[in-house]
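Take a look at the structure set out below.
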Amino acid sequence: LFRMLLRKLTKDVYRYLQKCVETHKEFNLALAVKHQTITNGLKYSLATGNWGDQKKSMSSKAGVSQVLNRYTYASTLSHLRRCNTPLGREGKIAKPRQLHNTHWGMVCPAETPEGQACGLVKNLALMACISVGSYSAPVIEFLEEWGLESLEENAHSSTPCTKVFVNGVWMGVHRDPANLVKT
Numbered sequence: 001l002f003r004m005l006l007r008k009l010t011k012d013v014y015r016y017l018q019k020c021v022e023t024h025k026e027f028n029l030a031l032a033v034k035h036q037t038i039t040n041g042l043k044y045s046l047a048t049g050n051w052g053d054q055k056k057s058m059s060s061k062a063g064v065s066q067v068l069n070r071y072t073y074a075s076t077l078s079h080l081r082r083c084n085t086p087l088g089r090e091g092k093i094a095k096p097r098q099l100h101n102t103h104w105g106m107v108c109p110a111e112t113p114e115g116q117a118c119g120l121v122k123n124l125a126l127m128a129c130i131s132v133g134s135y136s137a138p139v140i141e142f143l144e145e146w147g148l149e150s151l152e153e154n155a156h157s158s159t160p161c162t163k164v165f166v167n168g169v170w171m172g173v174h175r176d177p178a179n180l181v182k183t
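Note that full-length UniProt numbering numbers the sequence shown so that position 140 is 140, with each residue one more than the last.
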């Protein structure tokens, strides 16, 4: 959006410069740069949700920004945890509206609006937490220092062990998980 508005501003400056050259006028930078071009473009896009140029509303993306619902604290949290599926509301296709098995624990099966948007607007589950990815190598080094046994070493052991997973991958087992958690 900013790049498009900056391009529009430079085109306006170029047109003004061309006009000054053709009419033999002196170039005035203060008149050439319309300082409200970028400001008004950003304000329009944030206010309406139409991400793009005002004059080219057909090519702009609708619904990128929304006004935050602040009726109650619960409705505000619900609005912040909402996920919109980018499909038309008119179609009667059932598959995008249904929850997939992999959504278990991530998407709330009950909270969805009624009507045409039913199933297309999903909400994160109450206990769902979005985290950023991290490198596994430092964690694995730490675990190996504190007694993580690889799967090959412990394949035939009969002593009770606890499985250790790092980013969803089974890395090994540990004999004293309570001590490992404390460290």
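Ideal Cβ positions, reconstructed from N, Cα and C, are used throughout, including at glycine.
One thing to note: residue 123 has its Cβ no nearer than 8 Å to the Cβ of residue 70. Annotated three-state conformation of residue 4 is helix, per DSSP. According to the DSSP assignment, residue 112 belongs to no beta strand (DSSP E), since it is labelled neither H nor E. Between residue 173 and residue 164, the C-beta spacing is below 8 Å. Buried is the label assigned to residue 41, since at least 16 other Cβ atoms lie within 10 Å of its Cβ. In the DSSP assignment, residue 172 falls within the unbroken beta strand (DSSP E) covering 169-174. Nearest in C-alpha terms to residue 36, of all of 6, 20, 22, is 6. At the C-beta level, residue 128 and residue 89 stay beyond 8 Å of one another. When DSSP states are grouped into helix, strand and coil, residue 182 belongs to the helix group. With a 10 Å radius around the Cβ and a threshold of 16 neighbouring Cβ atoms, residue 80 comes out exposed. With 16 or more other CB atoms across the displayed protein chains lying within 10 angstroms of its CB, residue 148 is buried. About 7 Å separates the beta carbons of residue 171 and residue 143, which is inside the 8 Å limit, making them a contact pair. Comparing alpha-carbon positions, the option among 150, 74, 12, 98 lying closest to residue 119 turns out to be 98. For residue 60, the number of other beta carbons within 10 angstroms of its own is at least 16, and it is reported as buried. Residue 148 carries a coil assignment under DSSP once its states are collapsed to helix, strand and coil.
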